[in-house]
Amino acid sequence: MRARVFGSTGKEVSAIGQGTWNMEKDGRRAAIDALRRGLDLGLTHIDTAEMYGDGKVEEMVGEAVAGRRGEVFLVSKVLPGNASRRGTVEACGRSLKRLGTDHLDCYLLHWPGSHPLADTLAAFEELREAGKIRSWGLSNFDEDELAEAIGIAGEGKIACNQVLYHLQERAVEHAVIPFCDEHGITVVAYSPFGSGDFPRPASRGGRVLAEIADAHGATSHQIALAFLLRFPSLFAIPKATRAEHAADNAAAAGIHLGEAELRRIDEAFPKGPRRRGVPTL
Ligand code: NAP
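Read in numbering that gives the first Met the number 0, the sequence shown has 220 at position 221, and its numbers run on one by one without any break.
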């Protein structure tokens with residue numbers, strides 16, 4: 000598995016990880032087995048959130064990582080509505096319990112909310128000092144919101160910004176990714192396959208992906224991941240409840256696209272306009 004340094008943590012983390020949103024709707028057994036298969040194959044970066052299945056998904060992740068917590072870079076998120084100073088600390092405690100662990104590797108604010116950001120960040124620092132989280136980050140933050148967070152916490156504190164990024168939604172390339180690169184903040188691409196809305200094989204873009212996939216003996220999904228990972232500081236967290244999908248995603252780490260291939264994909268999936276605010280999925 001290709002590993003990269005995860006922002007200010009200095010830790011090497013698998014560039015391709017495992018998302019868990021909506022997993023409670025899939026078969027519990029299948030989802031846990033797929034997560035474990037992913038771990039076997041080096042997809043050791045697991046992303047979850049208190050929101051997912053109202054805590055049910057964190058319990059499933061807890062079961063999947065039981066006995067192998069040391070292998071995992073475990074990330075969860077506090078809901079903005081819970082992100083007061085005290086609420087964040089309490090929410091983290093509930094997540095740790097459901098996950099069956101005594102610490103998170105990274106804890107994120109799920110999206111900007113109405114509690115003062117300074118209070119949420121103070122809670123993150125309190126949790127870090129108490130050893131309950133090893134690092135903290137943000138999610139769905141624009142560049143000016145990130146600048147505000149740096150103004151509060153200082154440089155070098157924000158480990159990552161988790162953002163929507165896939166072939167048909169490249170808005171973060173305009174300003175968010177450059178800002179993060181400049182400030183040493185890792186970018187984690189969520190919904191890297193468009194949350195199930197993957198380019199159809201018959202579309203122009205779908206045909207380009209299929210042709211490049213054929214040349215690599217790969218799948219179109221693997222080519223899509225390889226394209227996102229062309230940014231050296233970027234991570235991606237596809238969700239796979241089918242174990243064969245987890246295996247495909249792990250194998251994508253070995254695919255390197257040439258300049259001409261990158262250019263073809265870039266042309267087939269134009270960057271589109273800059274957008275602001277939390278995307279609606
Ligand atoms: P996604 O990863 O873009 O797409 C998931 C879909 O792709 C599922 O239907 C899955 O099928 C399928 N799939 C996975 N690997 C595949 C492969 N190799 N070949 C073919 N199909 C494949 O969707 P997502 O769940 O929206 O995003 C990923 C993760 O990002 C989430 O689970 C969550 O952890 C995180 N996220 C964060 C935020 C945020 O606000 N911070 C928002 C959305 C998502 P199966 O499941 O049937 O295998």
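C-beta atoms are modelled at their ideal positions from N, C-alpha and C, and glycine is treated no differently.
Check: residue i C-beta below 7 Å from any heavy atom of the ligand NAP
i, result
"Asp247", "yes"
"Ser94", "no"
"Asp25", "yes"
"Asp104", "no"
"Gln161", "yes"
"Asp238", "Before going further, note that residue 238 is Lys rather than Asp in the sequence given. Yes, the beta carbon of Lys238 sits closer than 7 Å to at least one heavy atom of the ligand NAP."
"Phe123", "no"
"Asn81", "no"
"Arg241", "yes"
C-beta contact flag for residue i and residue j at 8 Å
i, j, result
"Pro191", "Pro237", "yes"
"Trp135", "Tyr106", "yes"
"Ile132", "Cys91", "yes"
"Ile264", "Phe226", "yes"
"Thr19", "Val71", "no"
"Ala82", "Ala242", "no"
"Asn248", "Ile15", "yes"
"Cys159", "Thr185", "yes"
"Gly99", "Ala65", "yes"
"Ala223", "Leu166", "yes"
"His182", "Glu154", "yes"
"Leu38", "Arg68", "no"
Classification of residue i by the beta-carbon crowding that lies within 10 angstroms, buried from 16 upward
i, result
"Ser75", "buried"
"Lys24", "exposed"
"Asp46", "buried"
"Asp104", "buried"
"Arg36", "buried"
"Glu11", "exposed"
"Ser113", "exposed"
"Ala29", "exposed"
"Ser138", "buried"
"Lys156", "buried"
"Glu141", "The question names Glu, but residue 141 in the sequence shown is Asp. Asp141 should be labelled buried."
"Pro79", "buried"
Rounded Cβ spacing between residue i and residue j (contact assumed at less than 8 Å)
i, j, result
"Met22", "Thr240", "6 Å"
"Arg274", "Ala174", "Not really, about 10 Å apart at Cβ, beyond 8 Å."
"Arg3", "Phe234", "7 Å"
"Ser13", "Thr43", "5 Å"
"Ala121", "Arg84", "6 Å"
"Leu116", "Ile151", "6 Å"
Residue i versus residue j: straight-line alpha-carbon distance, rounded
i, j, result
"Gly205", "Ala146", "37 Å"
"Ser232", "Leu208", "23 Å"
"Val77", "Phe197", "28 Å"
"His220", "Gly195", "11 Å"
"Asp213", "Gly41", "25 Å"
"Arg97", "Glu210", "44 Å"
"Glu168", "Ala48", "22 Å"
"Val56", "Glu62", "10 Å"
"Gly253", "His215", "10 Å"
"Val162", "Glu258", "25 Å"
"Trp110", "His255", "32 Å"
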